[in-house]
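Numbering (the working numbering), first residue to last: 2 to 380.
Data first, discussion second: the structure below is written as structure tokens.
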Amino acid sequence: MNDKQSIPETAEMNRDKIIIKTSITGIVTNVLLASFKAAVGIMSNSIAVTLDAVNNLSDALSSIITIVGTKLAGRLPDRKHPFGYGRIEYLSAMIVSGIVLYAGITAAVESVKKIISPEKPDYSVVSLVIIAVAVVVKILLGRYVKAQGEKVNSGSLTASGADAMFDAVLSLSVLGSAVVFMVSGVSLEAWVGAVISVFIIKSGIDMMSDTVNEILGMRADRKTTARIKQLMEEEPEVRGAYDLVMYNYGPDKNYASVHIELPENMMVRDIDRLTRKLETKVYKETGVFLAGVGVYSFNVGNDEAAQIRKDVREKVLKHDWAVQFHGFYLDLEAREMRFDVVMNFDINPMEGLKILYEEMRRDYPDYDIEIAPDVDVSD
């Protein structure tokens, strides 16, 4: 158990260091960019450049919140929060999205004011060079932050990196409007500012939507669930792995529960050995803790039970809403039949159970039947 704990603790420390280092880089860069752009915007009387500077400042504030969230999320588990504080990162991401959204709305208001009461900007060659350099810097910063975010599975960093890349495009549009004004005398400042504000608002809404989905709980990643089931089914005793449920307590903090089908004549001591082996194997390969392993028994060496199982399976899966059939066991002496059915979200589970019970009792009237409905939570 100590080995299990030391590995994630070391990985988490490295992850936190990368997030903090990357965020500090973002803060310094965005503060410098905001300073230069604000100076250019004020001297040239450009609303578009000024709003671009405000956008950089909001990015710096977002990075500060990311650092605070990471430090709080890294607190050790305690009696009150035994699964740790990892989900605080989702709350910090929500605050970041709120800041971006507020910046976008503020930018929209200022841009509309300038459209109603336009003012001509006054650009210089130096100001254009500064904006051009800012575009290049934002592209490099965005690629770096996004890559680091994907490396450590940080939603805040990944979103910040994507936002920085998008900011580079917006800054490029500001540069373009400045060039147009210097060449033709046509001022597009306020309109470019309005466009920038729309994209900032959209970015904030998208970030907030993604964070809300994380907090509510999303369907487990198909590749991860498939890999866990594959690892379990590699063991010769395991006939199948089902009902895999993933529980997330922050980035890279995943727990799971699962049911496996084992031979009815398998001894408890052998089941204990097998489940411990599976827990270790799955953790080492995927980083997911198996918090619980349930067991289904299946009939061994019984042709009649095998034939009935095949018949019941066909009857159940003929329904479009029946996604999976498993956990079948037949006690011929006690005349008992039990199995699980995974139903999709197109049918009320109680309605599906009613249909299945009616069919099974009609075809197998002398059996005591137990059907367990399962939710389609993972692939």
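Glycine is no exception: its CB is placed at the ideal position from the N, C-alpha and C atoms.
Where the alpha helix (DSSP H) through residue i begins and ends
i, result
"Pro-374", "Counting along the chain, Pro-374 falls outside any alpha helix (DSSP H), though it belongs to the beta strand (DSSP E) covering 369-376."
"Arg-363", "350-364"
"Asp-211", "190-217"
"Val-187", "Note, Val-187: premise wrong, no alpha helix (DSSP H); not H, not E."
"Arg-220", "That residue, Arg-220, is in no alpha helix (DSSP H); it is neither H nor E in DSSP."
N-terminal and C-terminal residue of the beta strand (DSSP E) that residue i is part of
i, result
"Glu-337", "337-344"
Under the three-state DSSP convention, the category residue i falls into
i, result
"Ala-242", "strand"
"Arg-16", "helix"
"Leu-92", "helix"
"Leu-331", "strand"
"Glu-235", "coil"
"Ser-379", "coil"
Cβ-heavy atom distance, residue i to the ligand FMN, below 8 Å
i, result
"Ile-197", "Absence of the ligand FMN from the depicted structure is noted, as is the absence of any ligand whatsoever, leaving it without description."
Beta-carbon spacing of residue i, residue j below 9 Å
i, j, result
"Val-301", "Asn-266", "yes"
"Ala-221", "Lys-230", "no"
"Asp-164", "Ser-63", "yes"
"Leu-142", "Asn-56", "no"
"Phe-340", "Ala-373", "yes"
"Ile-201", "Ala-108", "yes"
"Leu-176", "Val-136", "yes"
"Val-343", "Val-246", "no"
"Val-138", "Ser-204", "no"
"Lys-81", "Asp-17", "no"
"Ser-174", "Val-50", "no"
"Tyr-256", "Phe-84", "yes"
"Ile-20", "Val-130", "no"
"Ile-48", "Ala-191", "yes"
"Arg-310", "Leu-291", "no"
"Arg-351", "Val-313", "One detail in the question is off: residue 351 reads as Met in this sequence, not Arg. Not closer than 9 Å, so no."
"Asp-369", "Ala-335", "yes"
"Ser-258", "Asp-271", "no"
"Tyr-86", "Gly-251", "yes"
"Ile-132", "Ala-61", "no"
"Val-283", "Met-233", "yes"
"Pro-119", "Ser-185", "no"
Cutoff 9 Å: residue i Cβ touching any chain D Cβ
i, result
"Ser-36", "Checking the listed chains, one finds no chain D in this structure; it contains a single protein chain."
Decide if the region 151-162 is in contact with the region 57-69; the criterion is three or more beta carbon pairs, one per stretch, under 8 Å apart.
Taking 8 Å as the limit for Cβ pairs, the verdict is that the region 57-69 does touch the region 151-162.
Quick one: any contact between the region 323-331 and the region 258-266, if contact means 3 or more CB pairs under 8 Å?
Under the Cβ criterion (8 Å, minimum of three pairs), the region 323-331 counts as touching the region 258-266.
Could you pull out every unbroken beta strand (DSSP E) segment of at least 3 residues lying fully inside the region 247-328, listed in chain order?
Listed in chain order, the complete beta strand (DSSP E) runs (minimum 3 residues) inside the region 247-328 are 255-264 and 290-299.
Contiguous alpha helix (DSSP H) assignments of at least 4 residues, all confined to the region 20-86
Those alpha helix (DSSP H) runs which fall completely within the region 20-86 and span 4+ residues are 48-74.
Just list the beta strand (DSSP E) runs in the region 98-173, keeping only unbroken ones of 3 residues or longer that don't cross its boundaries, in chain order.
Taking only runs of at least 3 residues, no beta strand (DSSP E) segment lies wholly in the region 98-173.
For the region 278-292 against the region 300-319, do three or more pairs of beta-carbon atoms, one drawn from each stretch, fall closer than 8 Å, so that the two count as touching?
Three or more beta-carbon pairs separated by less than 8 Å are not found between the region 278-292 and the region 300-319, which leaves the two stretches without contact.
Report yes or no: do the region 78-95 and the region 112-126 share at least 3 C-beta pairs separated by less than 8 Å?
Result no; under three Cβ-Cβ pairs closer than 8 Å.
Between the region 192-212 and the region 76-86, can you find at least three pairs of beta-carbon atoms closer than 8 Å?
When C-beta atoms of the region 76-86 are compared with those of the region 192-212, fewer than three pairs fall below 8 Å, so the two segments do not count as touching.
For the region 191-205 and the region 98-116, state whether three or more C-beta atom pairs, one from each stretch, are separated by less than 8 Å.
At 8 Å Cβ cutoff, the stretches touch.
Just checking, does the region 354-369 make contact with the region 313-322 on the three C-beta pairs under 8 Å criterion?
Contact between the region 354-369 and the region 313-322 is present: three or more C-beta pairs spanning the two stretches fall below 8 Å.
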